[in-house]
Structures are given as C-alpha cells and as structure tokens.
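Accompanying notes for the structure given below.
Residue numbers (this note's numbering): 88 to 1016.
Okay, structure coming up:
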C-alpha cells in the first residue's frame, strides 16, 4: 500500500481502463478529455458537457471494439514480425532465405525415441521448460545422473533448507533470451544444464525453428530478428580439435558441409554485425576429457571475440560442464515437468496426431475433444502410480510412456512393469510394424544381449560403451568382444552376426534403447534408468546373486552406484537375503537401502521384515546422529505413507475422507484433506531440526513438538511437504498444523498447481514474496497479465473458487492473522460499506468517472461516498497502512509476522479504496454462494 495507491482519486480507475486500449493510445479520447478539462477550468460548463458527452460515446465505442482488438493485434503482429521480414529477406538476401528455409526443414519435426513413422510438429507439441539458478537436490528424481553434489556449508544454511529448494522462481526461456539479446548488457551468454532426457536439445531446436520462421515473438514479445545458428558440439568437436584457431564462421561453414568463400563471407558478415543467436548444444557429448577442454577453450575465445556483440547459449549435463566450465557465465538448470506442463504436452501430442490423421475430415473442435479424452485417460493411469508420476516429469520418459500406452492400451501398475512394457515396445513393436523378418534375433534375445551388456557396464561403473577398439578411455567399455561372445550363443551355428549389425541398425529396435555419439562411435542407454533396469533383470538369474550381495560389503560410493539397480531388483524377487546382507553390516547406508528395498519389495518374509524394523527402532535411542536420523526417517516414512495412502491407491480425485467435515466455503482449498490421528513425535521434529537448522544438535536436548510456535510449525510443514513431493512424485501435496488441539497434528491437503508457489512462500514465512505471488496469481486468474492491473470489472467477476483459495492460504498459514477475509471483517467493523453488484456496470463506472472529473476541479464528494472514504481511512489506521494520517510509502512496508492484524496481503494495485471494497464485496458474495 504505497502512498500513491492510498491517495489515488477514484477517477484514476477509469483512466487506467481507457488508457489500456490502443485507440486511446492514438490520442482520440485523450484529446476530448483534455479539451473538456480546459473548459471546466474556465467555467464554460456547456462546452464542458458537450466534450464529456463525446468522450462518453468514444469510450463506449472503444469498449465494444475491445473484444476485436486482440485479433487485430495478432494479425498485425503476423504481418509485421513474420511475413514482411520473410518477404524482405527473400528479396534482399536470397542466401539467408535459403539458410532459414533449411533450418526450418531440419527442425520442424519433433524427434524422440520409439516412433513408428508418425510425424509431430515441434512448434505445436513443444511445451516451454522452466529453469532455476540452483539445481534441485531430489534424491529420488529419475532424471538425476550419477553426480556427487558438493557438500553444503552448514553454517550458511537458511532457517529451513526447503526454502532454497521449493521456493525457487521458475524462469522461462523467453525471459532468458530477452536478457541476453539486449545489446547494452555486458553478459550476453548463458549455460543451460539438465539431466538426460530433460529437453535441452529439443529446446534449442524449438528456438531455432521460431527464429527461422520469424516467430520469435512467441518466445517473448520484443525479441530482435536474429539469425539462429545451432551447432551440435559433438559434430564439430573434431573440426575444432584439428585447428583450435578456427573462426566461428569457418566452423559453421564446415558443419554445414559448405566451405565456399561465399558461405564463410556471409556468416562472417552476420556475426560481425551482431545479427546471430549462437547455440552450442551438448558440451557433455564430447567424450574425451581433453577434447572437451579444448572445445571449452575455443568457445571461451569466441565469447571473447564477440563480447557485447552476439548472444550465446551453451547446453550440457551438469557433471561434464563442471569439469570444463565457462568463466563468468550464468548457469540455469532445467526443471522437471510440472503437472500442468505434463498435461499440456500430452494434449499437444494427441491433438497434433489427430490433426495429421484426420485433417479436413473432422472439425478442429471435435479433434480437440478427442485429444482431451485421450489425454485424460493417460493422465488417469499415470496419476494412479507414484513411480509413473515421477517418470512423467522427464520429457524423454514421458514420450516413451505415451508410445508404450499406444501399443499396450494400458500401463502396468508398477515401476518394474512400466520399464518392461517400454522395453517390449521398443524391442518388438517397431520390428513388427516394419515387417522385418530376416533379422536373426527374436525380441527376447535382443533383450538378453542388452541385459548382459548392462550388467557388465554396471560392474565396471561406466555409462558408455564403444565398438572401436582404438579407444583408450578408461570410462568407456570396449564392448565388441563381449557382445560378440554373447551373440554367438544366440544365432544358428555357422552364421555370423557382428556386434556392429546388432547395435547400428536403426530399424530393428535395439537402437531405440540406445543414444549414440556418432562422431566418436560412442553409445549409452537412452536413459540411465534403462541400464539399471536391464541390469536388475539380469541379476535375477541365480548365478549373479552372490555378486549382488557383495555390494553391501563395499563403501558408500559403490553402494550409491548400485542403489537404483538394487531397488529395481527388489521389485522382482524375494528380498530376505538383501535384508540379511544389510544387517550383517548395519551401516546407515546399508540400512537405508534395505528399508528402501522394503518399500519397493515384491516379497519378504514377516520374520526378516520385523528384524529390520526392530533394528531401526533401536536407532531412535542411539546417540549416533546418522543412526538416529535413519530411524527417525523410517518413522516419518510410515506417517507419510498413512497420510498419502491415496497415492498408492490412485484415488487422487478424492475430495473428502471419512470422519472429516469440509464446509462449502473452504472446500476448494481442502482437496484430498486428511487429518492425522497421531501427534508429531519428538524424533520426527528432531529430524527436521537436524536436517534444516542445526546438524550438530545435542540428541539429549529435550524437544516438545506441542510447544513450538506457529511459525516453526509452518517451517516443519514446508519441509515435510517437500519430502512428500519427492517421495510420491506429487507436487500438489501440502501440510499445515491442525489448530483445534494443543498438540502438533497434521492436516494433509492438495493444491492446484497455480497456488503451490504461494503456499511454499507462506509456509516458509517469506511474506514479501507471498504478497507479490498473490498479485501474479490474481492477474493470471483474471487474464490481465499483459495489462498488469485489476480493474473493477475484473474484481467483481473474479472466480469465487480462486478467491477463496487465496484467502484461505493466507488465513491458515498466518494462524488467522492475515487474509482478505480478515481485512473484510476489520473494514466492516470500522463502518465500511460493501459495494453492490449493480455498481460494477460500465455505465455506472462512466458516471463515476464523470463525477470524479467534477470533484477533481473543486466539487465535493458527499453522502455515502464520504462515509466510504472515512471508513477506509479508519481501516488503514487499524491494519497499519496509515500512521499519523499519512499513508505509508512502499519503502516502509513491514513484511513481518509482527505486522498488525489484517496488514497483509497488500497486493499491488488492489490497495486503492474503491477496488479493495469491491474485493471485500466479492469475497462476501462468494462466501454466501
């Protein structure tokens, strides 16, 4: 509530609504208002009334035509930013036009694994990715690679570790591009890091496509027209290594297999004039460490050569980039798909396929309905299995799930079953579709060979293999002889079947499970989890069991390498021997893995299960911090499983639970509400304290969870929410303290995606960020993001469900101290008057505008308006917005829990008295609805 907001006259609302229109921007109504004001100043009232009448008529015309303006805007944008530039380029620069046409042809189709010849338009299927400046430390994320994160400095930790994870602001690629394409900026480069399958390459291809089509405004309005240059570093590494003094133009020309002077001269000119966007994809795909450093040095030199002139984007997996980073270059991490992004991707996928299959046969509306139905059915199956939800956050794995579902018509209910289905589809489905009959191996034989290969690679702790015997890299398995020995056992005697044929044929299915680096003839499994799954299947053979059990006798690093493989294994066999191996060497790491196996088990004897749980129970009394943390984690895991039982049952649409009463006014926020029937234990709260506040806490220090204050309760709930989302792959899970008892009990609920960031901020006590997020959400709900403010009509028509969710989040996370409903009660207590719905009509607003002009030039507001003004002044004093008759300035804002009752949310632009009273009226009507 800044001073300008508190003192703005009522007529400013109408001015903003008019100025928002482009016709006003051309000056027509503005001229009439200025003339009318001049007449009023000179007391020529007849002329004043005439020109105000003209203004009124023009305003009506504008309002009627405003619905057509967005279409007009889009048409103008299409003409000015797409068609004219393409036409001008064709006339002025034929070579450039041909280059852009070539890029368009190369990038227009979506590329992925497991396709059966069906094309997908990249522009229509692509879903914008989210980015953050810090990596997400999610130990159960299937997209994680085998990378060791640097140890965090405990002294620098914030009050709650969860805050640094869950409240990261997502950045879209359009904003990042806008930043690096501004010519005045010193740093015009960025690095995009992400795990395998996270969509880095697809992102660059999408950017390339839109710039080539001159549709860059789809990424961000106002992006300059740049010529996209996309280089796969694995394809140009040999060129750079052969001559590290090669210029950027020379490398581009060689990559395009056109080294003519004309081509190099054209690219040289574009580069020197700063007309290019340079995208360098896959630093990690250069296998040789020395070559990678040489390429990194070459890239650094290009950044220096074109500093302040060209924007650069580099992509890599984190581990490889950490070995050869770029100095002074901001890095952003690709975030996993949110639920909304996942569902959008699924809809786009199905809609695009329906359009290709039924173009011209059915109306688009019907095609959208078919696509939505298919999307909903697949979402239902994904949501029913926690491991599937987690897999579906990775774009690559989601694409594989879609193709598996297409072939199998239903998805397996377990993680193991899903991977089996995917392998079946990739190894058999494509071969069947192509009608290949001459290939000597059956699908099951192909998988047998891949299983043996995966096990051998896992034993050697490598992720890549090659058939090139000249390769001397110790991190790469030379698999030619090994594969030859395996294949000989599968083909008929006297027939030759070479490993090259097995690996490199694209039409037989094996290639679908492998990603290659053709430049160095390197191969790896499409996603590391496929290597782990196939290894686990091979381990189920009796002869391999002793080797697996030896893993529990090794060090932590070795155990970490095998962790996911062992969990896959536990889902296929009886795990009694695994538990025995862990209990024989009961380290924290071994017991943790054994307990995870228990959660992922296929079978286990009651005796072994109880023996493990008894061992964990002893840990609650241990003075060893790590042993205690393990035991407390197990105890907390049981609570999470109970509170989130529906995650296992697949009943995510459950709105209510037995014995829980949900009133109509708060039903929206309490989706899937579950109230715990037991108190949070001292061990569980101590675990939270050890992990987020003080890792050196004395275990003998007495802690009573029932006595902690509300802010600390919120911090615990925030931490637990993050833990649950990692455990179940459900980003909508949240907790809050149940306030009807003096003990500490939890309420579990789910939130729609739009409100999750707001809940994270509120739970973490980040009130300033929560206030800003509230405004962003309200703009999004009202579809006023472009305008940047909420008008009276927007407030009067604001959806009740959304308004109640926002209000209840503030009320519940502040223990009833903040929220719109709290403010409304205070406003009514000081004599405030709620606005009637009839006052929101356009004619009433125009009349209010005319009356405000009169009061602006000396008229006085009397009666009900005067009463409202006085009530709003008293309201401002009660909530702390007015001190000594002065509205506080923005620099004086008090974002602290000690702020007066009703102080928050301020919400920029909804603080003006007329809008705030309309908001209170809307909330009142919503609660009665």
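Built from N, CA and C at the ideal position, the CB exists for glycine as well. Keep in mind the model is a prediction, meaning the values are calculated, not measured.
Residue 974 - DSSP class collapsed to helix/strand/coil: strand
query: When we look at the beta-carbon of residue 142 and count the other beta-carbons within 10 Å, is it buried (16 or more) or exposed?
result: buried
field: residue 363 - DSSP class collapsed to helix/strand/coil
entry: strand
- prompt: Which one of 289, 852, 888 has the shortest CA to CA distance from residue 841?
  reply: 888
message: Buried or exposed, going by whether 16 or more other CB atoms sit within 10 Å of the CB of residue 881?
response: buried
- prompt: To which residues does DSSP link residue 663 through a beta bridge?
  reply: Note: residue 663 sits in no beta bridge, so no partner.
field: Endpoints, the beta strand (DSSP E) within which residue 315 is located
entry: 314 to 319
message: Under 8 Å: do the segment 558 to 568 and the segment 467 to 480 share three or more Cβ pairs, one atom per stretch?
response: no
message: Cutting at 6 Å between CB atoms, please list the residues of its own chain near residue 775, excluding the five before and the five after it.
response: 803, 806
- prompt: Excluding sequence positions up to five away, which residues of its chain have a Cβ less than 6 Å from the Cβ of residue 635?
  reply: Within the same chain, 626 come within 6 Å of residue 635 by CB-CB distance, once the 5 residues on both sides are set aside.
- prompt: Where does residue 875 sit, in a helix, a strand or coil, going by DSSP?
  reply: Residue 875: coil per DSSP, three-state reduction.
- request: Would you tell me roughly how many angstroms separate the C-alpha atoms of residue 221 and residue 919, rounded to the nearest one?
  value: In this prediction, residue 221 has a pLDDT of 49, which is less than 50 and means its spatial position is unreliable; nothing more can be read from the coordinates.
message: Please classify residue 189 as buried or exposed, where buried requires at least 16 other C-beta atoms within 10 Å of its C-beta.
response: Result: exposed.
field: Which of helix, strand or coil DSSP assigns to residue 779
entry: helix
message: By the DSSP assignment, the alpha helix (DSSP H) with residue 800 in it spans what residues?
response: Counting along the chain, the alpha helix (DSSP H) containing residue 800 begins and ends at 797 to 815.
task: Can you grab the Cα-Cα spacing for the pair residue 487 / residue 732, in whole Å?
output: When rounded, the distance between both Cα atoms is 27 Å.
- prompt: What's the call for residue 497, buried or exposed, on a 16-neighbour Cβ count within 10 Å?
  reply: exposed
field: Residue-chain proximity (residue 569, chain B), Cβ-Cβ < 7 Å
entry: Of the protein chains in this structure there is only one, and it is not chain B.
query: What do you get for residue 599, buried or exposed, if any count of 16 or more other CB atoms within 10 angstroms of its CB means buried?
result: The residue in question, residue 599, is buried, as its Cβ has 16 or more Cβ neighbours within 10 Å.
- prompt: Could you give the distance in angstroms between the alpha-carbon of residue 512 and the alpha-carbon of residue 596?
  reply: Computed Cα separation, rounded: 9 Å.
query: Can we say the segment 314 to 328 touches the segment 361 to 373, given the rule of at least three CB pairs closer than 8 Å?
result: yes
- request: Measure the C-alpha to C-alpha separation of residue 393 and residue 337 and round it to an integer number of angstroms.
  value: 15 Å
field: Span separating the alpha-carbon of residue 109 from that of residue 342
entry: Only weak support is given to the placement of residue 109: the predicted model assigns it a pLDDT of 39, under 50, and the value that follows is read from those uncertain coordinates. Roughly 47 Å separates the two Cα atoms.
field: Integer-rounded CB distance, given that residue 879 should sit under 8 Å from residue 849
entry: Contact doesn't hold; Cβ gap of about 27 Å is too wide.
message: Only counting the same chain, and skipping five residues up and downstream in sequence, which positions put a Cβ closer than 7 Å to that of residue 1009?
response: 882, 883, 885, 890
message: Quick check: what's the CA-CA separation for residue 552 versus residue 615?
response: 13 Å
query: How long is the line joining the alpha carbons of residue 277 and residue 412, rounded to whole angstroms?
result: In this model, residue 277 and residue 412 are separated by some 11 Å (Cα to Cα).
message: Would the segment 497 to 506 count as touching the segment 653 to 664 if we require 3 or more Cβ pairs under 8 Å?
response: yes
task: Determine, using beta carbons only, whether residue 197 and residue 212 come nearer to each other than 7 Å.
output: yes
message: Less than 6 Å between C-beta atoms, sequence neighbours within five positions excluded: which residues of the same chain meet that for residue 259?
response: 215
query: Within this structure, are the beta carbons of residue 681 and residue 655 separated by less than 7 Å?
result: No. Outside cutoff.
task: Have a look at residue 417 and residue 267 and give me their C-alpha separation to the nearest angstrom.
output: Cα atoms of residue 417 and residue 267: separation of roughly 11 Å, rounded to the nearest angstrom.
message: According to DSSP, is residue 509 part of a helix, a strand, or is it coil?
response: helix
query: Roughly how many whole angstroms lie between the Cα atoms of residue 652 and residue 437?
result: Each residue's Cα considered, the two are about 33 Å apart.
Residue 940 - DSSP class collapsed to helix/strand/coil: Low per-residue confidence applies at residue 940: pLDDT is 49, beneath 50, and the placement is therefore not dependable, though the value from the model is reported in the following sentence. DSSP places residue 940 in helix when its eight states are reduced to three.
query: Do you know whose CA, among 905, 921, 960, lies nearest residue 77's CA?
result: Nothing can be reported for residue 77, as the shown portion of the chain is limited to 88 through 1016.
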